[in-house]
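So the structure is just underneath, and the comments pick up after that.
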Amino acid sequence: MSAEETLQQIASEVSACTQCSLHTTRNKSVPGEGPANAEIMLIGEGPGHNENEQGRPFVGAAGNFLNELLAQAGLKREDVWIGNVVKCRPPGNRDPLPEELSACDKHLERQMAALNPKIIITLGRFSMAKFVPGAKISQVHGQMRKVNGRFVIPMFHPAAALHQPQLKTTILADFGKLPDLLDVARRELGQPGPAVVVPKEELPKDDPKQLKLF
Ligand code: SF4
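Numbering (the working numbering), first residue to last: 56 to 269.
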């Protein structure tokens, strides 16, 4: 089965999934979307109101801001795969419960295996905790590290950054480093890919030597 077929199969299973109580209150499940050959996989927390209505991840204001962040890295939404740690909306946007995270993790693990992305970007504390337990986002945001053979970059959640001007500046700068970090990941994995073309003048002024690689 190709990666695309596997992802479609998982999406179909997610739409009918009843493995945690969130299925009783969802309108539409949100399996995630993007090309099967995406080099970058973004993982958020869970669907909100708009996502629950449309069955798509990161729509609405946070989604628009995410598109802006991707543009900062010379990327379009269609270039990346976007999903969440839980595929059904927690009622009232409450935090997902441990048993819900655990039940839904098998879908995410299979998606990661099918995509085999060069970089995973975590958006928010629940996806960060999956890869970097105990980390503080204020200390690790924008820094790439290798976790179980995969490159992971924790980022602030776009919805949080949207409402805090100082975080907005930070997350824009973090996404601006992505082309350099993607080049590092490609070299380390021995898989040179197509260049992400970002005019130098659009990149943040940060010294690339400051990029941290763990
Ligand atoms: Fe299934 Fe995940 Fe939805 Fe729970 S949140 S019902 S595990 S798809």
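Yeah, the Cβ is synthetic: ideal placement off N, Cα and C, and Gly gets one too.
None of the values given here were measured: they were computed from a predicted structure.
Nearest neighbour of residue i, chosen from the options [CA to CA]
i: arginine 205; options: Arg149, Ser193, Leu222 and Met96; result: Met96
i: proline 112; options: Pro102, Asn119, Pro90 and Ala169; result: Pro102
i: isoleucine 65; options: Ile176, Gly197 and Ala169; result: Ala169
i: alanine 58; options: Phe230, Ser76, Glu94 and Lys191; result: Glu94
i: valine 207; options: Pro145, Gly231 and His196; result: His196
i: proline 220; options: Phe120, Asp150 and Met199; result: Phe120
i: aspartate 150; options: Glu243, Ala228, Arg180 and Gly231; result: Arg180
i: asparagine 139; options: Leu124, Gln166, Arg132 and Leu125; result: Gln166
i: histidine 78; options: Glu60, Cys159 and Pro90; result: Cys159
i: serine 182; options: Gln198, Gln194, Arg200 and Met210; result: Met210
i: glycine 89; options: Ile174, Phe230, Asp134 and His218; result: Asp134
i: glutamine 127; options: Gly245, Thr224, Glu106 and Glu243; result: Thr224
Residue i beta carbon near the ligand SF4 (any heavy atom closer than 7 angstroms)
i: leucine 77; result: yes
i: serine 84; result: yes
i: alanine 66; result: no
i: valine 195; result: no
i: alanine 158; result: yes
i: valine 135; result: no
i: threonine 224; result: no
i: valine 187; result: no
i: threonine 73; result: yes
i: glutamate 123; result: no
i: histidine 218; result: no
i: histidine 162; result: yes
i: glutamate 100; result: no
i: glutamate 154; result: no
i: valine 114; result: no
i: lysine 201; result: no
i: lysine 142; result: yes
i: valine 239; result: no
i: valine 69; result: yes
8 angstroms contact criterion, which residue i and residue j should meet: CB distance rounded
i: leucine 152; j: glycine 99; result: Wrong, their Cβ atoms sit about 17 angstroms apart, outside the cutoff.
i: proline 87; j: isoleucine 137; result: The amino acid occupying residue 87 in the given sequence is glycine; proline does not appear at that position. So it is a contact: roughly 6 angstroms between Cβ atoms.
i: lysine 83; j: glutamate 108; result: 7 angstroms
i: glycine 129; j: proline 234; result: 6 angstroms
i: valine 69; j: histidine 162; result: 6 angstroms
i: arginine 144; j: arginine 81; result: 6 angstroms
i: glutamate 106; j: valine 114; result: 6 angstroms
Output the residue ranges of the beta strand (DSSP E) runs that lie fully inside the stretch 104-156 and measure 3 residues or longer, sorted by chain position. 136-139
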